[in-house]
Every structure is written in structure tokens, then in C-alpha cells.
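Numbering (my numbering), first residue to last: 37 to 205.
The C-beta atom is built at its ideal place from N, Cα and C for all residues, glycine as well.
Contents: one structure, followed by commentary.
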Amino acid sequence: MRRPLTALVVALASVVLTAAASSAPAASTAPCTLLAAKSGILASDLPMRVKQDAAGGKGGAGIDRLLCRDLTSDGRKDMVASVYSGTAIGVEAWVFFRSVADGWKLSFRRIGLVRARIQLTGVAVIETDPVYRPTDKRPCCPTGGMKHFRFEWQDGKMAKVRVWQTGRT
37 MRRPLTALVV ALASVVLTAA ASSAPAASTA PCTLLAAKSG ILASDLPMRV
87 KQDAAGGKGG AGIDRLLCRD LTSDGRKDMV ASVYSGTAIG VEAWVFFRSV
137 ADGWKLSFRR IGLVRARIQL TGVAVIETDP VYRPTDKRPC CPTGGMKHFR
187 FEWQDGKMAK VRVWQTGRT
């Protein structure tokens, strides 16, 4: 018994549409992963020391924290990664990647830090740095308290919107 031609055409069209839909590019963003952060850092124009530390290896160097959240209010997750130095400096840098159609775009960097910490609060990145007095041993013993920086995405770029200090001044 033969099937009607219409049923065969509908079945064939269904297979073709399903195959086309599964091979279409995803509308979602690239995954926020350690590999994506390392790849983005290594492909950037960041200083070689930051790249080497981000790649990991010596003395525990590598990506210290990876934070994924929409900080630009465009409906896509963004990526913040801090880079840990294995030479007792602690977190020496942090970078901000925006999600774009073909992956990640390095949009902001903070380098030359010593023992910094970062965290996300709402749509802000909070950086906390120890304050060293002239007689303090570095990097172990800051006695000047902590300095905090609040960064937010404004007018198409990451901007420092607030600075404050806690502890001794």
C-alpha cells in the first residue's frame, strides 16, 4: 500500500526544517567559563606577565575568580575574571569581558594591583585593595586599612563611580 504523496512531502519538509533549526547559530551568548576567560586574556594585548599568570602553573597562579552576570543591562551575561599571581602578590589584575555576537570582547582591565579582591554587587564590580603605609612590609602587612572602588557600566564603558576607604587612614 502506497502512502499519499502529500504525507511524504510533509514528512520530508519536517526533517529538513528540523535539521536547519539544529544547525542554525544559537541566539544565546558564549559560555562564561574558565577556558573562555583564559582564551580571552591570552588573545588580548594585556601585559605578558598577566597572560602567563592567567594561564596558570607556577606557584598557584591562574584565574582566581570567575564571575558571570549581566552588568551591561543588555540581557546577556558578561564575564569578570581576576588573575592571581603565584609570586605572593595575590590578585594582580581583573578584566571585564562583554558578551558579543561572536564570543567575548575585552572591554575593561585593571592591572598592577597587589592583593586585590573583587566581588559583584547588583550591576557593579567592587574592587578592594589593601592600603600600604611607607613602613609596611609588602605584600604581607598593610596597616592603612582598605580602599574600595565601585565600577559600573555607563555610557558604553566601565566607569569608576565611587571610591571610599575603611579602617585606618
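Through-space distance from residue j to residue i, alpha-carbon basis
i             : j                 : result
leucine 70    : methionine 182    : 28 Å
valine 197    : isoleucine 99     : 25 Å
glutamine 201 : arginine 174      : 19 Å
glutamate 163 : phenylalanine 185 : 5 Å
arginine 204  : leucine 103       : 30 Å
glycine 96    : lysine 74         : 15 Å
glycine 158   : glycine 76        : 24 Å
aspartate 110 : leucine 156       : 17 Å
glutamine 190 : threonine 108     : 8 Å
aspartate 106 : lysine 113        : 4 Å
glycine 139   : proline 178       : 39 Å
aspartate 172 : proline 166       : 11 Å
DSSP state of residue i mapped onto helix, strand, coil
i            : result
arginine 174 : coil
leucine 107  : coil
aspartate 81 : coil
Unbroken beta strand (DSSP E) run spanning residue i, endpoints
i             : result
glycine 139   : 139–147
serine 75     : Serine 75 -> not in any beta strand (DSSP E); alpha helix (DSSP H) instead, spanning 70–78.
aspartate 114 : 114–121
**OP:** Determine contact between the stretch 73–89 and the stretch 114–133, defined as no fewer than three beta-carbon pairs at a distance below 8 Å.
**Re:** Contact between the stretch 73–89 and the stretch 114–133 is present, with at least three C-beta pairs closer than 8 Å.
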